[in-house]
Amino acid sequence: MFFQQITVSTIQKTLGQIMRRLQVSQNRRLTYRDLAKMAGTSERTMAEWMRGATSPMAMNGLLNLMSALKADDAIQVLALWRETAPQDPTSADRAQEIQK
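Each residue of the sequence shown is one higher than the one before, counting from 5 in the working numbering.
1) Does DSSP classify S29 as helix, strand or coil?
2) Under DSSP, the alpha helix (DSSP H) around G46 begins and ends at which residues?
3) Contact defined as beta carbons within less than 8 Å: I believe A40 pairs with E47. What is the distance between those atoms, to the nearest angstrom?
4) Measure the Cβ-Cβ separation of I15 and S59 and say whether it is below 7 Å.
5) Could you have a look at T14 and say whether DSSP puts it in helix, strand or coil?
What follows is the structure, given as C-alpha cells:
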C-alpha cells in the first residue's frame, strides 16, 4: 500500500474541516484557544497549524494510517481511543467542558 506525503495545505484543510464539524456539532463558534485545549497543545501552535505555517509530523503518519482503514474501522479506532487514551487533565477535561 502506498502512503502519500501529506502536505501542510492538506493538514490545514483537514483541521479546517474538523473545526467546522465541531462548530456545527456544538452549535457554537470555536476559537483556536478552544481547539488547542481540545488537542492538548498551545494556542500559538494551533494557530500555526491552521495557518499552514507548520505541520506536526506525527499527524502525517496518523492520517495516512487512518485513511487506509475502512470508514467503520476508523470509527471503531476513534471510539476505542476515546475510551482508553491516557487523559491529560489540562486537555481532556477541558475538551469535555468545551463540548458541553
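Using N, Cα and C, we set each Cβ at its ideal position, and we do this for glycine too.
With the given structure in hand:
1) Residue numbering aside, residue 29 sits at position 25 when the sequence shown is read from its first letter. Reduced to three states, the DSSP call for S29 is helix.
2) On the sequence shown, residue 46 is found 42 positions in, with the first residue counted as 1. Note on residue identity: the sequence assigns Ser, not Gly, to residue 46. Per DSSP, S46 belongs to no alpha helix (DSSP H) and is neither H nor E.
3) Locating residue 40 in the sequence shown gives position 36, where the first residue counts as 1. Locating residue 47 in the sequence shown gives position 43, where the first residue counts as 1. Indeed they touch by this definition, with Cβ atoms about 5 Å apart.
4) The count along the sequence shown starts at 1 and reaches residue 15 at position 11. The count along the sequence shown starts at 1 and reaches residue 59 at position 55. Yes, they are a contact pair.
5) The residue labelled residue 14 in the question sits at position 10 within the sequence shown. Reduced to three states, the DSSP call for T14 is helix.
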